[in-house]
Amino acid sequence: MPSLRLPAWMGLCFISLVGLSGCVREAPFPMLDYRYHQRGLIKVCYDPAHYHRADAQAIAEPLCRQVSRRAEFQSEQENQCSWSSPMLVTYVCVSQPGEVLPPLQQRNNPLRRDNYVPIK
Numbered sequence: 146m147p148s149l150r151l152p153a154w155m156g157l158c159f160i161s162l163v164g165l166s167g168c169v170r171e172a173p174f175p176m177l178d179y180r181y182h183q184r185g186l187i188k189v190c191y192d193p194a195h196y197h198r199a200d201a202q203a204i205a206e207p208l209c210r211q212v213s214r215r216a217e218f219q220s221e222q223e224n225q226c227s228w229s230s231p232m233l234v235t236y237v238c239v240s241q242p243g244e245v246l247p248p249l250q251q252r253n254n255p256l257r258r259d260n261y262v263p264i265k
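Adding 145 to a residue's 1-based position in the sequence shown gives its number in our numbering.
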């Protein structure tokens, strides 16, 4: 069986790529998928080595405030986002305590990011 030998420049590129990826510090960011937002779910990716869950909550709160709700923690999953931000936190947009709001509309939702054209 012949041995597989890579050129030296390929090994050097791989080592530098791995070294640089360890230096990347990506700020927490929301996943902008309107299908989640229509159901009142906000998913935020962050790096637990540099940020805390409170930083992810600070991103989810304004998104839920657009529909007069607050963000409530639902779940946290590892290795669901990019390498530089592997933690995925899910928040549910719920009404304020003592407040009863109508359900989120499936269309014309303010959290929806694409251009919706109404059917006439």
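We put the CB at the ideal spot given by N, CA and C, even for glycine.
Treat the numbers as computed from the prediction; the structure is a model and nothing was measured.
Could you tell me the boundaries of the beta strand (DSSP E) in which residue i lies?
i: glutamine 219; result: 215-222
i: leucine 208; result: Run containing leucine 208: none in the beta strand (DSSP E); it sits in the alpha helix (DSSP H), 198-210.
i: methionine 232; result: 232-239
i: valine 189; result: 186-191
Count the other C-beta atoms from every protein chain shown that fall within 10 angstroms of the C-beta of residue i, then say buried if there are 16 or more, exposed otherwise.
i: leucine 246; result: exposed
i: arginine 210; result: exposed
i: alanine 172; result: exposed
i: arginine 170; result: exposed
Using the C-alpha atoms, what's the distance from residue j back to residue i?
i: glycine 243; j: serine 227; result: 38 Å
i: arginine 258; j: aspartate 200; result: Any reading at arginine 258 must be qualified, since the residue scores a pLDDT of 49, below 50, and its modelled position is unreliable; the value itself is stated next. Cα to Cα, the separation comes out at about 22 Å.
i: proline 248; j: serine 229; result: 35 Å
i: tyrosine 181; j: lysine 188; result: 8 Å
i: phenylalanine 174; j: serine 240; result: 23 Å
i: isoleucine 204; j: glutamate 221; result: 15 Å
So residue i is in the alpha helix (DSSP H); what residue range does that whole segment cover?
i: cysteine 226; result: Note, cysteine 226: premise wrong, no alpha helix (DSSP H); not H, not E.
Can the beta-carbon of residue i be found less than 9 Å from the beta-carbon of residue j?
i: leucine 177; j: glutamine 219; result: no
i: arginine 198; j: glutamate 206; result: no
Measuring alpha carbon to alpha carbon, tell me which residue in the options is nearest residue i.
i: aspartate 192; options: Val237, Val212 and Met232; result: Met232
i: valine 212; options: Gln183, Ile204, Gln222 and Asn224; result: Gln183
i: glutamate 217; options: His195, Thr235, His197 and Phe174; result: Thr235
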